[in-house]
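Asker:
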Amino acid sequence: MAKNVLITGAASGMGLLLSQCYAREGANVAMADVNEEGLRACAEEIRGYPANVLELALDVRKYDEVERACGRVAEAFGGIDILINCAGGAECRILGVSGEFQNIPVEVFDYGIDLNLKGVIYFDHAVMKHMARQKSGVIIHLGSITGLEGCPDSVAYSASKSALMFGMTKSIALAGAKYNVRCVAIAPGPVLTRPGMANMKTMAGRAADPQEIVDLIMFAAGDKGRFINGTYILADGGRNVMLNKT
Ligand SMILES: NC(=O)c1ccc[n+]([C@@H]2O[C@H](COP(=O)([O-])OP(=O)(O)OC[C@H]3O[C@@H](n4cnc5c(N)ncnc54)[C@H](O)[C@@H]3O)[C@@H](O)[C@H]2O)c1
Numbered sequence: 043m044a045k046n047v048l049i050t051g052a053a054s055g056m057g058l059l060l061s062q063c064y065a066r067e068g069a070n071v072a073m074a075d076v077n078e079e080g081l082r083a084c085a086e087e088i089r090g091y092p093a094n095v096l097e098l099a100l101d102v103r104k105y106d107e108v109e110r111a112c113g114r115v116a117e118a119f120g121g122i123d124i125l126i127n128c129a130g131g132a133e134c135r136i137l138g139v140s141g142e143f144q145n146i147p148v149e150v151f152d153y154g155i156d157l158n159l160k161g162v163i164y165f166d167h168a169v170m171k172h173m174a175r176q177k178s179g180v181i182i183h184l185g186s187i188t189g190l191e192g193c194p195d196s197v198a199y200s201a202s203k204s205a206l207m208f209g210m211t212k213s214i215a216l217a218g219a220k221y222n223v224r225c226v227a228i229a230p231g232p233v234l235t236r237p238g239m240a241n242m243k244t245m246a247g248r249a250a251d252p253q254e255i256v257d258l259i260m261f262a263a264g265d266k267g268r269f270i271n272g273t274y275i276l277a278d279g280g281r282n283v284m285l286n287k288t
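Just remember that the working numbering sits 42 ahead of the position in the sequence shown, which is counted from 1.
So this is what it looks like as structure tokens:
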């Protein structure tokens, strides 16, 4: 039977690639993003595949929008099998702010936490209602090597990714256990969803091709990944064991 997959941050990068890959496999794909125009164009292209595609223009920071969207997906597809929380990003990069930590307005960190941490809690919460009812499901968090090594430029991003990889993934796995719902975090090193990522050093001497991370996410979310739960998988080209990581 076709899987029902809900992907946030689906108008760009790995969220978009995941939407394309799942659609190619014949899944029903719900694509959520705040970039309404970009989302429309991406969903339109994917409609050419043999798949059911649902576009959800929403802001992950607004629980009423998230809850309504999850209800729409469950109704349209008859359930939600997989949630992949891709929406996220470093607050200073997204808001175009730079400077030392103490000189950055605190509102920037509010934004970073709302997007990278609260947005995921909101989605997990809204989706768990449906997964608990159907007694199955998989929830994927996108962590980051930054959640392990820290980042003075985007403190809220780094803190959120740590929280997602550890406390959140364990807690959601525990909350979902009696409903047969798994939760796994995938923590990439640099991924070439934008050219700047090529500057981050790895032992592999390169950043990841987005497809390499998408393949891992699909493995962890699929039946072959059924023994993985409550933990994170690091895919960073060996960056974590390098001494000079600048
Ligand atoms: N690219 C990397 O090097 C890298 C490394 C480690 C982790 N990650 C994580 O992987 C995930 C995907 O990364 P990417 O580079 O493919 O992303 P991306 O920047 O290409 O896309 C992020 C998407 O999220 C959407 N978005 C932003 N704010 C939103 C909001 N409030 N509500 C809904 N949608 C919103 C954007 O419109 C965009 O389409 C992110 O969580 C990122 O932190 C990326």
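Here a beta-carbon is modelled for each residue, glycine too, at the ideal position from N, C-alpha and C.
1) Between I124 and A263, which are expected to be in contact by the criterion C-beta below 8 Å, what is the C-beta distance as a whole number of angstroms?
2) Is N241 helix, strand or coil by DSSP?
3) Go ahead and pull the three-state DSSP assignment for T235.
4) Can you give the beta carbon distance from G272 to K212, rounded, assuming they're within the 8 Å contact cut?
5) Compare the Cα-Cα distances from I126 to each of R224, A118 and G113 and report the closest residue.
6) Confirm, please, whether the CB-CB distance from P232 to A205 is below 8 Å.
7) Identify, in the order they occur along the chain, each residue of the same chain with its Cβ nearer than 8 Å to the Cβ of G120, setting aside the five sequence neighbours on each side.
8) Express the C-alpha separation of T235 and M207 in angstroms, rounding to a whole number.
9) My assumption, with CB atoms under 8 Å, is that A227 sits in contact with G185. Please give the rounded CB distance.
10) Within the present structure, is the beta-carbon of T235 separated from the nearest heavy atom of ligand 1 by less than 7 Å?
11) Using a Cβ-Cβ cut-off of 7 Å (strictly less than) and excluding sequence neighbours within five positions of F165, which residues of its own chain qualify?
12) Strictly by DSSP, which residues pair up with V95?
13) Select from V95, A118 and V197 the residue whose C-alpha is nearest the C-alpha of A145.
14) Give the straight-line distance between the Cα atoms of N77 and I88, rounded to the nearest whole angstrom.
15) Grouping DSSP H, G and I as helix and E and B as strand, with all else coil, what is N77?
16) Could you spell out where the beta strand (DSSP E) holding L274 opens and where it closes?
17) Pull the bridge partners of H167 from the DSSP assignment, please.
Answerer: Looking at the atomic coordinates:
1) As a first step, residue 124 is located in the sequence shown; it is residue number 82 there, counting from the start. As a first step, residue 263 is located in the sequence shown; it is residue number 221 there, counting from the start. Between A263 and I124 the Cβ distance is about 5 Å, and since that is below 8 Å, they are a contact.
2) By one-based count along the sequence shown, residue 241 stands at place 199. Helix, per DSSP.
3) Indexing the sequence shown from 1 puts residue 235 at position 193. When DSSP states are grouped into helix, strand and coil, T235 belongs to the coil group.
4) Locating residue 272 in the sequence shown gives position 230, where the first residue counts as 1. Locating residue 212 in the sequence shown gives position 170, where the first residue counts as 1. Between K212 and G272 the Cβ distance is about 5 Å, and since that is below 8 Å, they are a contact.
5) The residue labelled residue 126 in the question sits at position 84 within the sequence shown. Cα-wise, what sits closest to I126 is R224.
6) The residue you call residue 205 lines up with position 163 of the sequence shown. The residue you call residue 232 lines up with position 190 of the sequence shown. No, the pair does not count as a contact, with Cβ atoms beyond the cut-off.
7) Taking the sequence shown and counting its residues from 1, the one referred to as residue 120 is at position 78. Cβ-Cβ distances below 8 Å link G120 to N46 in the same chain, with the five nearest sequence neighbours on each side left out; the list follows chain order.
8) Here residue 207 refers to the residue found at position 165 when the sequence shown is read from its first residue. Here residue 235 refers to the residue found at position 193 when the sequence shown is read from its first residue. The straight-line gap from Cα to Cα measures roughly 21 Å.
9) Position 185 of the sequence shown, counting from 1, holds the residue named residue 227. Position 143 of the sequence shown, counting from 1, holds the residue named residue 185. Between G185 and A227 the Cβ distance is about 4 Å, and since that is below 8 Å, they are a contact.
10) In the sequence shown, counting from the first residue as 1, residue 235 sits at position 193. Because some heavy atom of ligand 1 lies under 7 Å away, the Cβ of T235 counts as near it: yes.
11) As a position in the sequence shown, residue 165 is number 123, starting the count at 1. Cβ within range, chain order: T50, V102, V108, L125 and N127.
12) Taking the sequence shown and counting its residues from 1, the one referred to as residue 95 is at position 53. Assignment of beta-bridge partners to V95 by DSSP yields V71.
13) In the sequence shown, counting from the first residue as 1, residue 145 sits at position 103. The question names Ala, but residue 145 in the sequence shown is Asn. Minimum Cα distance to N145 is reached at V197.
14) Along the sequence shown, one-based indexing puts residue 77 at 35. Along the sequence shown, one-based indexing puts residue 88 at 46. Separation of N77 and I88 (C-alpha to C-alpha, rounded to the nearest whole angstrom) is 16 Å.
15) As a first step, residue 77 must be located in the sequence shown, where it is residue number 35. Note: N77 maps to coil in three-state DSSP.
16) One-based indexing of the sequence shown puts residue 274 at position 232. Reading off the sequence shown, one finds Tyr at residue 274, where the question assumed Leu. Here the beta strand (DSSP E) through Y274 covers T273 to A277.
17) In the sequence shown, residue 167 corresponds to position 125, counting from 1. BP columns for H167 are empty, so no partner.
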